[in-house]
DNA sequence: CAATGATTGACCGACGGTCGGTCGAGAGGT
DNA sequence: ACCTCTCGACCGACCGTCGGTCAATCATTG
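Residue numbers (the numbering used here), protein chains in the order written: chain A, 1 to 207; chain B, 1001 to 1207.
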């Protein structure tokens, strides 16, 4: 095979990108290193030159997705002007990881990928919590919220529940269950934040 | 090998029990079907006679653990007399899945087992939520709580956060992080339930 | 042109899973 | 009580696949 030499950073990025696509299309366990080397037109050893195991490659893919997600969210917060509630609203509507990773999410819904999924959730969550914490603090300062606990812990608390309970990846919730929960979220969040009733109605947009 | 015939239920239970032990000791991926057949003194085909895949066996193990857990908790609720807060306190102190599955939990702390772990959490959670929902309702009726949403959704919301955020299995939180969160839980829960400040101090017992 | 290190691909051992076949036990006939 | 006959629990050699290894090879750089 014709030998192609690339700069290490480039090759590394190529591998992560291809892995991300394949994991998204076929799942982690459903993707073989052979699939990956064929996709990349690269020998197996090359991949193992950059990642010492498939597991480590998964780690890199997860961080890649998470980093992209958090950057997008930070950008949204920065470009949005207004009070905390306005910023939160903008963030929520654009913040679903699912939207920009449609096929990935579809794969994550297979229970075999629960591991990959849970780990991705955990990383994304920690990053998002820091972001929301700032907004909660702002809202508190603006008199919109009455927090009972530090902003970061409050953000972690709320985000964790919403992510896990709305995510069909780890456990296949039924449609009714999801609806039932979605309807309860506004009240739950308002209560937790001490926000005005109705201020989080946007969490469950009736159509 | 000497052939031993058992009643199907017995053999099935034996397999689940042994699998539970081995998964607990070495993790799901760290346990081979060969290990299992050696432990059971049984041929590989026998295991596959009862479970069509390793994956399906995992499912059975998870349900086995979850069932045992929920039965213990239901028993505790039944034998405890008093108001909702008293029952909740009893439940929490005995309800940690970790306590009665020490080595299992230790294994779950390996990120390779995130899948097994997340799925177990999901099942246990759904069962526990139903139980706590009853107590939240009782507390509401007794005037101890002021719920902002239906009891079941409230229970799911709270339990999910606490389980996920205190569990080191999926993402290895640091000790400080765990402490920081534990300190915030009482306030967060009280706020969510509309309970008297201090009534959930038992969630974070200072030593 | 030598040194470096990126790249190759044949090779390996372990693993999950299959399948043709064996054998014990209970049902039903005599 | 004894003998079949049938069912399905049980066996284990075998298979294909997969993650991972490594010595050789080749492009690039100084």
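For glycine and all other residues, C-beta sits at the position ideal for the given N, C-alpha and C.
This one's a predicted model, so the numbers in the text were calculated from it and none came from an experiment.
- In this structure the stretch 110-128 of chain A does not lie against the stretch 1127-1136 of chain B, because fewer than three pairs of beta carbons, one per stretch, are closer than 8 angstroms.
- With the rule of 3 Cβ pairs closer than 8 angstroms, the stretch 1020-1038 of chain B counts as touching the stretch 1051-1063 of chain B.
- Taking a cut-off of 8 angstroms for Cβ pairs, the stretch 1161-1171 of chain B and the stretch 166-181 of chain A do not touch, as fewer than three such pairs fall below it.
- Against chain A, a Cβ distance below 7 angstroms from residue 1195 of chain B picks out nothing, because the smallest value is about 11 angstroms.
- With distances taken between CA atoms, residue 159 of chain A lies nearest to A:122 out of A:122, A:175, A:141, A:13.
- In this structure, A:193 is the residue among A:119, A:184, A:193, A:173 with its C-alpha nearest to the C-alpha of residue 141 of chain A.
- Along the stretch 149-170 of chain A, going in chain order, the ones with a CB nearer than 7 angstroms to a CB of chain B are 149, 150, 153, 154, 156, 157, 160, 161, 164, 165, 170.
- Chain-ordered, the chain B residues with CB closer than 9 angstroms to the CB of residue 192 of chain A read 1148, 1157, 1188, 1191, 1192.
- When 7 angstroms is used as the limit between beta carbons, residue 180 of chain A is near these residues of chain B: 1153, in chain order.
- Per DSSP, residue 26 of chain A is one residue of the alpha helix (DSSP H) stretching across 8-26.
- Put simply, of B:1164, B:1023, B:1146 the residue whose alpha carbon is nearest the alpha carbon of residue 153 of chain A is B:1164.
- Cβ atoms of residue 1077 of chain B and residue 1203 of chain B stay farther apart than 8 angstroms, at about 18 angstroms.
- Within the same chain, Cβ atoms closer than 8 angstroms to the Cβ of residue 1085 of chain B are found at 1139, 1144, 1195, 1199, the five residues on either side in sequence being excluded.
- Residues of chain A with a Cβ closer than 8 angstroms to the Cβ of residue 1119 of chain B are, in chain order, 111, 114, 170, 171.
- Nearest neighbour of residue 1148 of chain B by Cα position, chosen from A:2, A:188, A:90, turns out to be A:188.
- Residue 1173 of chain B and residue 120 of chain A have their C-alpha atoms roughly 14 angstroms apart.
- For residue 1181 of chain B, same chain residues with a beta-carbon under 6 angstroms away, outside a window of 5 residues either side, are 1165 in chain order.
- Cβ neighbours of residue 73 of chain A within its own chain (closer than 7 angstroms, five residues either side excluded): 91, 95, 128, 131.
- Taking 8 angstroms as the threshold, the shortest C-beta distance from residue 184 of chain A to chain B falls below it.
- The DSSP-derived three-state label of residue 1141 of chain B is helix.
- Between residue 1122 of chain B and chain A, the shortest Cβ-Cβ separation is below 8 angstroms.
- In terms of Cα proximity to residue 11 of chain A, the closest of A:89, A:151, A:50 is A:50.
- In this structure, the straight-line span from the alpha carbon of residue 1023 of chain B to that of residue 1045 of chain B is close to 20 angstroms.
- About 6 angstroms separates the beta carbons of residue 47 of chain A and residue 33 of chain A, which is inside the 8 angstroms limit, making them a contact pair.
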